[in-house]
Amino acid sequence: AKLLAILDIKSDRRAKNCQQLKPNKFIDDEVRAFAVADEKVICPVTGAWVRDQYRRGSEWMANYRSTVAMLKADTPSKDDSIDVQRIADLLEEHDAQHIAVSFPKECAHL
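The sequence shown lines up with residues 132 to 241 when you count with my numbering.
Structure below.
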C-alpha cells in the first residue's frame, strides 16, 4: 500500500519533490526520441503490438461510451432491438478483437 501511495504521488516526500517540477519540451523530446530509438532496436514487433492494442482498446472504449450515452438518452430509440444488437455487437467485438487488456467492468455493465 505504501509503494502504491508513492507511485500515485500520495506520499508527502514525493508530492514535495514533484510540486516544483515544470514541463520541459527539450527534455520531453529527448526522452521520446530515446524511447523511439530504443523501441526500434530492441522490440519493434512488441512496440507495434502495443500500439495496435492501444488503438483497439481505445476504439472499443469509444464505442462503449457512445452506446452507454445513447442508452441513457432521454429519448429511447424507436426500435429496442437496435439497442440490443448494438450491445451484442460490442460484446462480440470485445471477444473477437483479442484485446489483451479486457474491460471486465464495462462488459459487466452491458
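We treat Cβ as the ideally placed atom computed from N, Cα and C, and that holds for glycine. Remember, predicted model here, so these are calculated numbers, not experimental data.
Host alpha helix (DSSP H) of residue i (start-end)
{"i": "residue 152", "result": "Element bounds for residue 152: n/a, residue is neither H nor E."}
Where residue i falls: helix, strand or coil (DSSP)
{"i": "residue 204", "result": "coil"}
{"i": "residue 234", "result": "coil"}
Contact belief for residue i with residue j at Cβ below 8 Å, rounded distance in angstroms
{"i": "residue 191", "j": "residue 225", "result": "6 Å"}
{"i": "residue 221", "j": "residue 194", "result": "6 Å"}
Notebook entry, point to check: Is there contact here, the stretch 195–203 with the stretch 216–224, by at least three beta-carbon pairs under 8 Å?
Noted result: Yes: at least three Cβ pairs fall under 8 Å.
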